[in-house]
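Numbering (the numbering used here), first residue to last: 26 to 438. From the three backbone atoms N, C-alpha and C, an ideal C-beta is built for every residue, glycine too. A short worksheet on the structure shown next.
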């Protein structure tokens, strides 16, 4: 009889925004592998869990933080109260890396760091900072703002504490090493046969007729949405409508996109992650026109590729370095650059050719992007024995953290 698996922690750096998405998938995938999982982390930029996962299972344990000093104090308290033999750190940001380091010090935990983005570029930082200088930082000042690029640079510099590294794609693997764990999906939830397209259009306020080109991710400058609007106008296909999740952080970007659309852009509601399959089943295409010049796009494999493949929706994708290996497998409708000509060709492609692309994508999804495919890799790394000692720089980091935590503990009584 196989011995029951002990508990494992999955920690994130901020559970109030979309960084939680990857951490939640890792936790859910480990749960399907038989682990008891505690998914936890600070709330730094908001007071509630990220909306699409607010009521999801597995649930998210959080502690509200006003700044980095509070993060340090509450991370120490959380780790002390929640022992685990292994911890999966989602994203190499300082708060999540600190949780991993604290688990290693307090419980001798094995630390697996999962990397799915170029966090330095996302934060506006240029290079890692040796954490040994944390007690004499650049400018002799440690910022309290959690999103300050300096903290991301420190987090990047802490990677050598990891006992194992996982990455979301091949370009990240070339940069960091480690083993690939795709943005995997639960096949039982992402089953196209469970959903009705007409009912979904009605439920989510989508046009009853026409072909819907969906963009379900978080709208950001590097994701090329304005180019996509231009493609639709130039395609010569009057039945195409672009559907974008109304998750804009800048109201001006939202209004600009609607104005450019001229009635051919529809905003979709932000829905729980569990409803993503129902929304996607109404799509004719998923289009991801990433900015190929962006350093973020160079390493980012959009998770929405997984959603689309799971729901058998054809994908058009900019040929970034991050997806070159997937493009070579023929899973995208466009075979080269995603420009006006390629888009127009794709949306006028005979159905039999689209079906062939979807069939290839479905095979790749089943081989690489399901919990059954990706879960055993993470399970094996968590299951392995051994936790290397904390690096030499950890003395400086932990001394500073303990000092800050002690001061705040005295203040709180």
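Would residue i and residue j qualify as a contact pair, given that the criterion is a beta-carbon distance under 8 Å?
| i | j | result |
| --- | --- | --- |
| residue 124 | residue 186 | no |
| residue 16 | residue 135 | The requested residue 16 does not occur in the structure, where the chain is confined to residues 26 to 438. |
| residue 71 | residue 41 | yes |
| residue 305 | residue 338 | yes |
| residue 143 | residue 289 | no |
| residue 386 | residue 356 | yes |
| residue 303 | residue 396 | no |
| residue 104 | residue 131 | yes |
| residue 379 | residue 342 | no |
| residue 181 | residue 147 | no |
| residue 204 | residue 406 | yes |
| residue 211 | residue 53 | yes |
| residue 267 | residue 257 | yes |
Kindly give me the distance between the Cβ atoms of residue i and residue j, rounded to whole angstroms, as I take these residues to be in contact under 8 Å.
| i | j | result |
| --- | --- | --- |
| residue 139 | residue 45 | About 13 Å separates the two Cβ atoms, so there is no contact after all. |
| residue 162 | residue 175 | 7 Å |
| residue 77 | residue 372 | At roughly 28 Å, the Cβ-Cβ gap does not stay under 8 Å, so residue 77 and residue 372 are not in contact. |
| residue 311 | residue 425 | Wrong, their Cβ atoms sit about 45 Å apart, outside the cutoff. |
| residue 109 | residue 34 | 4 Å |
| residue 68 | residue 87 | 5 Å |
| residue 254 | residue 282 | 7 Å |
| residue 141 | residue 193 | 4 Å |
| residue 260 | residue 368 | 6 Å |
How many Å lie between residue i and residue j at the Cα?
| i | j | result |
| --- | --- | --- |
| residue 137 | residue 265 | 44 Å |
| residue 415 | residue 436 | 30 Å |
| residue 117 | residue 183 | 8 Å |
| residue 214 | residue 222 | 16 Å |
| residue 427 | residue 83 | 31 Å |
| residue 382 | residue 197 | 26 Å |
| residue 431 | residue 423 | 12 Å |
| residue 66 | residue 351 | 32 Å |
| residue 404 | residue 55 | 7 Å |
| residue 316 | residue 37 | 27 Å |
| residue 57 | residue 402 | 13 Å |
| residue 321 | residue 208 | 17 Å |
| residue 411 | residue 243 | 38 Å |
| residue 169 | residue 93 | 5 Å |
| residue 79 | residue 300 | 13 Å |
| residue 419 | residue 433 | 21 Å |
| residue 377 | residue 370 | 14 Å |
| residue 39 | residue 89 | 10 Å |
| residue 273 | residue 279 | 6 Å |
| residue 345 | residue 231 | 30 Å |
| residue 63 | residue 398 | 22 Å |
| residue 228 | residue 409 | 46 Å |
| residue 391 | residue 366 | 31 Å |
| residue 361 | residue 340 | 13 Å |
| residue 74 | residue 61 | 21 Å |
Does the beta-carbon of residue i have 16 or more other beta-carbons within 10 angstroms, so that it is buried, or is it exposed?
| i | result |
| --- | --- |
| residue 178 | buried |
| residue 297 | exposed |
| residue 234 | exposed |
| residue 200 | exposed |
| residue 439 | The first residue shown for the chain is 26 and the last is 438, placing residue 439 beyond what the model contains. |
| residue 454 | The chain is shown from 26 up to 438; residue 454 falls before or after that span and cannot be answered. |
| residue 348 | buried |
| residue 271 | exposed |
| residue 284 | exposed |
| residue 277 | exposed |
| residue 275 | exposed |
| residue 165 | exposed |
| residue 263 | exposed |
| residue 158 | exposed |
| residue 413 | exposed |
DSSP beta-bridge partners for residue i?
| i | result |
| --- | --- |
| residue 334 | For residue 334, which the question treats as bridged, DSSP gives no partner whatsoever. |
| residue 63 | 34 |
| residue 87 | 66 |
| residue 191 | 139, 204 |
| residue 115 | 139 |
| residue 273 | Note: residue 273 sits in no beta bridge, so no partner. |
| residue 179 | DSSP output for residue 179 lists no bridge partner at all. |
| residue 340 | 311 |
| residue 122 | Answer is none; residue 122 lacks a bridge partner. |
| residue 239 | 268, 311 |
| residue 290 | 267 |
| residue 395 | 210 |
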